[in-house]
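Protein chains in written order, with the numbering used here: chain A, 3 to 527; chain B, -17 to 356; chain C, 27 to 319.
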């Protein structure tokens, strides 16, 4: 489409300008992907250059280095020791020894684990021999006992750790070779090489970030990165209750699980996923924006000049944040149940048909439409206080002279809101809207504690081995699949997890490209 | 008290954004050096490299003969005053000033002595127990200077210390810094974008643009003999008028011919041109506004021009006038030199005649922008 | 001319009345909101004093007032244990989370080092993968280490805290607002980075430290998903949320409804008190976090 220049754009009427912007938005979508592709390509190219430079540097170090440097290509830390960096040298050496001992020397070491896991070999099991009941070889009467075998989960985890260890080994090798080169350079220029004492001191100074980050990095690696990679790998296995990796080993199935997603038949994964995703997105949009606008309204009302006891109104709302969410959610959920107070009230007033309240005593929660509406309404009840607090802070930051000049220009109260307050808020809270949207996509508590996902949706139920309801989100589906179902289809949960990851990242990418605060940070400065 | 030497200093941000390049400067012990230039010229970056707050991408910085490239700021024995004062909000004025001494574990008696001495000089003794937020801008500035003073360090760095103050206070503090300098006898490096500050404070001025040094010299040198058009226009306010014209060499005498007038070059300038063996050629001529004088119609040296705006500044008039082909120049005329009648006649639209003496002009090459006499 | 004048006068009278009307409407809306927002809490408190197991009926007001539910809570159930578990988790989560979050956010905000951008991107991407899934592996490992079931509180503290550095956004936003020249001034004054951290930045960061502690303390009270998975239904390892939810299941509802209300009151009172006391810091965090992202 034709791009207009500034003056041509200014000529357009308001409506045409809007149409133009919408068109521009959709036309720019391919551009993002091109940009994404280009940046990936640039990344690959960059990597290639970096690798080339690294190898060149390694080669140079080897050629120029003395005997100690040359030997340290095999024996870690020798170069450091030669140049007097005793502490570093010993640490490197210890690392190498630990690696060799762990990988090759101890029985069932790292190499053994990697072999045992048969990484990504389709059809092969993870681990060779499952545990099971058998004849006790040490018992002369041949009693039946449980014979320990391989445990798939354990084997896979240790294999993963071994692979990480190997990567760390390569990295450390490169690091110590590089340090040899740096030592060579420093000696050549006649300066003093850092001693171990300097190293320790610098941990509180120019290397302070290492000290501060180490605990966090260890925590994140152990409890997020390794488990996440592990669970992504599970998508390529058949890990479930029937193949629990204990009595029955699970095995590699390649892309078999992803093929399941193309099943759009009754109870098929594809049908279930798309249907749940649809509601999930609707939910996230409504939950985010209803809270956002209503919360902002409330903030404006409370902050309006002439309104008294502002603090009281605010505290009333803040109470809902203070009280643990599960308490209020569970209680409110029961209020709307068939024999809940509000349920009965509505019934007595003949506001709702008797039939709706009877089934399973779940009242409002029994009908998909009322359940969904109720969820959004209750979520407003939960969410308004947060937005109100946030908006209050931001409203106070809007320069008052903007309003004064608008009033002089003849803007009414509503116009002041749409022309100043709203654009300002949207601008400043762009990042909040994104995080809040992602948070609502995965809003487990509200859905699970209020409706529990119900009422049941028969057309897609039993996908993934669980009862799926009309109000289930992907995250509650996932929870039911792993924590509450008898068949525990972990492999499918993993596939869904990967898809959710894709959905969130694509949405974030789009939103990031649309919201203004990420682009022109100074506009309202 | 130390000399500072910068050799081929270079700063590259990211992959290839060159912020400072080829910076060579010898700063003598106890000298007051001012880095001046428009924003983004690399003056602050250079100062921060000397302070150790930025890595040095190339070249060396020496303080007292020691290369300090790899030293942490705290090992360089420097004091620094920041543009936004950077006072520690949670500490009292006394503790703010004592901060560095506390880190060095100086005994309390000594801390007390040094802080109160500095406070005395700066006139902030009565605020010593206050928190910075209870001070005015000027007082905060004094605290920031005081914090640097108690250090007794080798080099005193100041990064645009006056730019957050209002015009009146700025003039006052400028004078105080000149006085202060006599009391703190050390090497100063001062960064500013304001040429007035640079001219009044500096023993020598370093004028920078786009990361490169344009000229280094005393205030008189850079004012009288700017080495290129940029320096010529940057130093002096209002800025120097420049226009393209022709330099004529006739019978061993030089003339310039701006807007139909013909003015002879005299004095050192004429000698200089002769020494450089300059012939008849196109040049860019520079004349400072204050060097114009009123003239009469019919004078061969007179340039006819039309008044566009008359700015009455009190002691002088700034006349923005149109000459030749709609070119604008500024003429600055002391009010005392005018008769009442003349003053009344200088209104918008009036045609007036101005000229200038032969010894005050500057000649630049249009292409290289350099001064023909340098 | 005359005409114009009169319209000005007219609208200026109108402005005053319309303001009164607007304010009245706002007061009405606010009062209605107060009722709606407070209703569940009064409901819970009232029903907790009902004598006997009333289940649910249409009357909110107890037929007979009494402390039966509270007595039952402490004599017939292990409520004290569950409450203690949750409080224990709250205190230690607050402690460790604050450590992890502050060190991460301070580093990312104030220090520049190689790989900083990469680290932030990595955490952003990792955060997009549903964290709950990783519990499948973590639970297996914890099972082997004996950190589930009755030891679940310890395991849960580790789960809540270990990766909490990834939630650095709000406090990084706060640190970003502290002028960098303070660090620089301190470093020129002779401070190491460590001294800058604890002598200059930490004293200025009281609001965000309290906010982080508050958030850490509140987390275990509200967590349901992870807790339920790790606890595995063991009554000794329960936190209040998971236990109280089971009381409201279809079969137990009639017996336990009023006891649920009593437990809810006991849980809500201390948490609400702490929260309201530190409200100021919470508001600062919410506002700053939203703006800074």
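For each residue, glycine too, the CB sits at the ideal point set by N, CA and C.
Inter-residue Cα distance where the pair is residue i and residue j
i, j, result
"residue 230(B)", "residue 247(B)", "10 angstroms"
"residue 63(B)", "residue 37(B)", "19 angstroms"
"residue 82(A)", "residue 219(C)", "26 angstroms"
"residue 200(A)", "residue 77(A)", "24 angstroms"
"residue 178(C)", "residue 258(C)", "9 angstroms"
"residue 112(A)", "residue 130(A)", "16 angstroms"
"residue 219(A)", "residue 47(A)", "28 angstroms"
"residue 180(B)", "residue 20(B)", "12 angstroms"
"residue 140(B)", "residue 173(B)", "6 angstroms"
"residue 362(A)", "residue 456(A)", "Low confidence applies here, because residue 362(A) scores a pLDDT of 47, under 50, leaving its location unreliable; read the following figure in that light. Cα to Cα, residue 362(A) sits roughly 11 angstroms from residue 456(A)."
"residue 120(A)", "residue 126(A)", "7 angstroms"
"residue 256(B)", "residue 338(B)", "21 angstroms"
"residue -13(B)", "residue 46(B)", "8 angstroms"
"residue 557(A)", "residue 102(A)", "No answer is possible for residue 557(A): it lies beyond the span of chain A, which begins at 3 and ends at 527."
"residue 309(B)", "residue 265(B)", "16 angstroms"
"residue 313(A)", "residue 394(A)", "12 angstroms"
"residue 483(A)", "residue 272(A)", "15 angstroms"
"residue 9(A)", "residue 19(A)", "12 angstroms"
Supposed close pair residue i, residue j - CB separation, criterion 8 angstroms
i, j, result
"residue 129(C)", "residue 202(A)", "Not a contact, Cβ separation roughly 19 angstroms."
"residue 405(A)", "residue 418(A)", "6 angstroms"
"residue 117(C)", "residue 243(C)", "7 angstroms"
"residue 86(B)", "residue -16(B)", "Not a contact, Cβ separation roughly 18 angstroms."
8 angstroms Cβ cutoff, residue i in contact with chain A
i, result
"residue 189(C)", "yes"
"residue 111(C)", "no"
"residue 160(C)", "yes"
"residue 99(C)", "no"
Residue-level contact to chain B via CB, residue i, 8 angstroms cutoff
i, result
"residue 230(C)", "yes"
"residue 235(C)", "no"
"residue 300(C)", "no"
"residue 226(C)", "yes"
Where the alpha helix (DSSP H) through residue i begins and ends
i, result
"residue 29(A)", "16 to 66"
"residue 210(A)", "210 to 222"
"residue 153(C)", "142 to 154"
"residue 96(C)", "94 to 102"
Chain C within 8 angstroms of residue i, Cβ atoms only
i, result
"residue 207(A)", "yes"
"residue 70(B)", "yes"
"residue 64(B)", "yes"
"residue 224(A)", "yes"
"residue 87(B)", "no"
"residue 477(A)", "yes"
"residue 394(B)", "One cannot answer for residue 394(B) here, as it falls past the ends of chain B, which runs -17 to 356."
"residue 451(A)", "yes"
"residue 401(A)", "no"
"residue 55(B)", "yes"
"residue 327(A)", "yes"
For residue i, the first and last residue of its enclosing beta strand (DSSP E)
i, result
"residue 381(B)", "Any question about residue 381(B) goes unanswered here, given that chain B covers just -17 to 356."
"residue 4(A)", "Looking at the DSSP string, residue 4(A) is not in any beta strand (DSSP E), and its letter there is neither H nor E."
"residue 148(A)", "146 to 149"
"residue 114(A)", "No beta strand (DSSP E) contains residue 114(A), which is instead part of the alpha helix (DSSP H) from 112 to 119."
"residue -13(B)", "-14 to -5"
"residue 268(B)", "263 to 269"
Output, in sequence order along the chain, the residues in the segment 196 to 217 of chain C whose CB is closer than 8 angstroms to any CB in chain B. Flagged, chain order: 205, 207, 208, 210, 211, 212, 213, 214, 215, 216, 217.
Against chain B, which members of the segment 260 to 278 of chain C pass a CB distance test of less than 7 angstroms? Those residues of the segment 260 to 278 of chain C that come within reach of chain B (Cβ to Cβ, closer than 7 angstroms) do not exist; the list is empty.
The segment 30 to 45 of chain B: positions lying closer than 9 angstroms to chain C by Cβ: Those residues of the segment 30 to 45 of chain B that come within reach of chain C (Cβ to Cβ, closer than 9 angstroms) are 30, 33, 34, 35.
Taking Cβ-Cβ distances below 8 angstroms as the criterion, which residues of the segment 433 to 447 of chain A are in contact with chain C? Correct list: 433, 434, 436, 437, 440, 444, 446, 447.
Return the residues of the segment 209 to 238 of chain A that lie within a Cβ-Cβ distance of less than 7 angstroms from chain C, sorted by chain order. Listed by position along the chain: 210, 211, 214, 215, 217, 218, 221, 222, 224, 225, 226, 227, 229, 230, 232, 233.
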